[in-house]
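Enquirer: Going from the sequence shown to this note's numbering is simple: count from 1 and add 238. Yeah, the Cβ is synthetic: ideal placement off N, Cα and C, and Gly gets one too. The following block contains the structure, expressed as structure tokens.
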Amino acid sequence: MDAAAVGATGAAGAAGMRERIVNAAYDLFARRGVRDVGINELISRSGVAKATFYRHFASKDELVLAFLEQRDRVWTVNAIVGEARRRADTPEQQLLAIFDVFSDWFRRTDFEACSFINVLLEMGATHPLGRASIDYLAKIRGHVKQLADEAGLERTEDFSRSWHILMKGSIISAAEGDLEAAMRARQLAGWLIEHHRA
239 MDAAAVGATG AAGAAGMRER IVNAAYDLFA RRGVRDVGIN ELISRSGVAK ATFYRHFASK
299 DELVLAFLEQ RDRVWTVNAI VGEARRRADT PEQQLLAIFD VFSDWFRRTD FEACSFINVL
359 LEMGATHPLG RASIDYLAKI RGHVKQLADE AGLERTEDFS RSWHILMKGS IISAAEGDLE
419 AAMRARQLAG WLIEHHRA
């Protein structure tokens, strides 16, 4: 095996180890938050040596940032926005379908609420992890704004902020035990669309 092949194999192995650590952290952070999960548990759950862990992540905060990035990709982009786009044909219907996706999510036994909200509330808005969570929440509003723009709605920046309040509020209500929270929010969302129609 030549040096290039050895290097590529090593890089693939390192990437695999990093992914293994992030995947182990994903479930722990999503379910229990940041402070409740210790480094030793993360190392044990990922099945890597302590030196390997620290080679990929100098601190737990670095790992939380990687978790938030993965959460954005897996939850926001694929599970919520991607699924809403798949479920409906028009941008208006796709906006409303967000709450249909939420309704299914709220009824799952593994419903864990929104990690961005959880980390923000746990760490505070001035902490680097809180600021990162705020940035990811802004990205969610960006997805909503894009759908609103595609739907030809007016004042889409204001619309996306109001819509996001409905999203976040329904998640908190579901965490309180209201399994109908998504459908309640969907009804309000229909009125909001009407208010912003051109």
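Hey, how far is the Cα of G245 from the Cα of L303?
Expert: To locate residue 245, count along the sequence shown from 1; it is residue 7. To locate residue 303, count along the sequence shown from 1; it is residue 65. Summary for G245: the model assigns pLDDT 44, below 50, so the residue's position carries little reliability; its value from the coordinates is reported in the next sentence. Cα-Cα distance, rounded: 27 Å.
Enquirer: Along the chain, which unbroken stretches of the alpha helix (DSSP H) at least 4 residues long are found entirely within the segment 337-417?
Expert: 353-361, 366-388 and 394-413
Enquirer: When you compare each of V339, D373 and T347 to M421 by their alpha carbons, which one comes out closest?
Expert: Taking the sequence shown and counting its residues from 1, one reaches residue 421 at position 183. For the residues V339, D373 and T347, the minimum Cα distance to M421 belongs to V339.
Enquirer: Would you say L266 and R283 are within 9 Å of each other, going by their C-beta atoms?
Expert: As a position in the sequence shown, residue 266 is number 28, starting the count at 1. As a position in the sequence shown, residue 283 is number 45, starting the count at 1. Yes. Within cutoff.
Enquirer: Which word fits D274, buried or exposed, when buried means at least 16 other C-beta atoms lie within 10 angstroms of its C-beta?
Expert: Here residue 274 refers to the residue found at position 36 of the sequence shown. Exposed is the call here.
Enquirer: Indicate the three-state DSSP secondary structure (helix, strand or coil) for V312 in the structure shown.
Expert: As a working mapping, residue 312 is identified with position 74 in the sequence shown. If DSSP states are grouped into helix, strand and coil, V312 belongs with the helices.
Enquirer: Quick one: what does DSSP say A243 is sitting in, helix, strand or coil?
Expert: Taking the first residue of the sequence shown as 1, we reach residue 243 at position 5. The pLDDT assigned to A243 is 42, lower than 50, so where the model puts this residue is not dependable, and the model offers no usable value.
Enquirer: Do K383 and F397 have their C-beta atoms within less than 9 Å of each other?
Expert: In the sequence shown, residue 383 corresponds to position 145, counting from 1. In the sequence shown, residue 397 corresponds to position 159, counting from 1. Against a cut-off of 9 Å, the Cβ pair of F397 and K383 comes out as a contact.
Enquirer: Thinking C-alpha only, which one of A386, W313, A351 and R293 is nearest A436?
Expert: Indexing the sequence shown from 1 puts residue 436 at position 198. Looking at the Cα atoms, A386 is the closest of the given residues.
Enquirer: Please state whether DSSP places T328 in a helix, a strand or coil.
Expert: Locating residue 328 in the sequence shown gives position 90, counting from the first residue. Here T328 sits in coil by DSSP.
Enquirer: Distance, Cα to Cα, R293 vs G276?
Expert: Numbered from 1 along the sequence shown, position 55 holds the residue referred to as residue 293. Numbered from 1 along the sequence shown, position 38 holds the residue referred to as residue 276. Their backbone Cα atoms lie some 17 Å apart in a straight line.
Enquirer: Got a sec? Which residues, its chain only, sit under 6 Å from A389 by beta carbon, not counting five neighbours each side?
Expert: On the sequence shown, residue 389 is found 151 positions in, with the first residue counted as 1. Hits under 6 Å: P329 and E330.
Enquirer: Figure out for me which residue from G415, A427, R424 and N261 has the closest Cα to the Cα of R346.
Expert: As a first step, residue 346 is located in the sequence shown; it is residue number 108 there, counting from the start. Per the Cα distances, G415.
Enquirer: Can you tell me whether A289 is buried or exposed? The criterion is at least 16 other CB atoms within 10 Å of its CB, across all chains shown.
Expert: Along the sequence shown, one-based indexing puts residue 289 at 51. Exposed, since its Cβ has fewer than 16 Cβ neighbours within 10 Å.
Enquirer: Considering I281, what are the terminal residues of the alpha helix (DSSP H) in which it resides?
Expert: As a first step, residue 281 must be located in the sequence shown, where it is residue number 43. Looking at the DSSP string, the run of the alpha helix (DSSP H) that includes I281 is I277 to S284.
Enquirer: Below 8 Å on the Cβ atoms is my contact criterion, and I expect H434 with E392 to pass it. Report the Cβ-Cβ distance as a whole number of Å.
Expert: Position 196 of the sequence shown, counted from the first residue, corresponds to residue 434. Position 154 of the sequence shown, counted from the first residue, corresponds to residue 392. With 8 Å as the limit, H434 and E392 qualify as a contact, their Cβ atoms being about 5 Å apart.
Enquirer: Name the two residues that bound the continuous alpha helix (DSSP H) containing R293.
Expert: Locating residue 293 in the sequence shown gives position 55, where the first residue counts as 1. Run containing R293: K288 to H294, per the alpha helix (DSSP H) assignment.
Enquirer: Would you mind working out which of A326, N278, V312 and H402 sits nearest L430, comparing C-alpha positions?
Expert: As a first step, residue 430 is located in the sequence shown; it is residue number 192 there, counting from the start. If we check each option's Cα against that of L430, H402 comes out closest.
Enquirer: Report the CB separation of K406 from I372 in whole angstroms; it is logged as a contact under 8 Å.
Expert: Along the sequence shown, read from residue 1 onward, the residue named residue 406 stands at position 168. Along the sequence shown, read from residue 1 onward, the residue named residue 372 stands at position 134. Their Cβ separation, rounded to whole angstroms, is 12 Å, which puts K406 and I372 out of contact at 8 Å.
Enquirer: Evaluate L314 with the Cβ neighbour count: other Cβ atoms within 10 Å of its Cβ, from every protein chain shown; 16 or more gives buried, anything less gives exposed.
Expert: In the sequence shown, residue 314 corresponds to position 76, counting from 1. Looking at the sequence itself, residue 314 is Thr, so the reference to Leu does not match. Label assigned to T314: buried.
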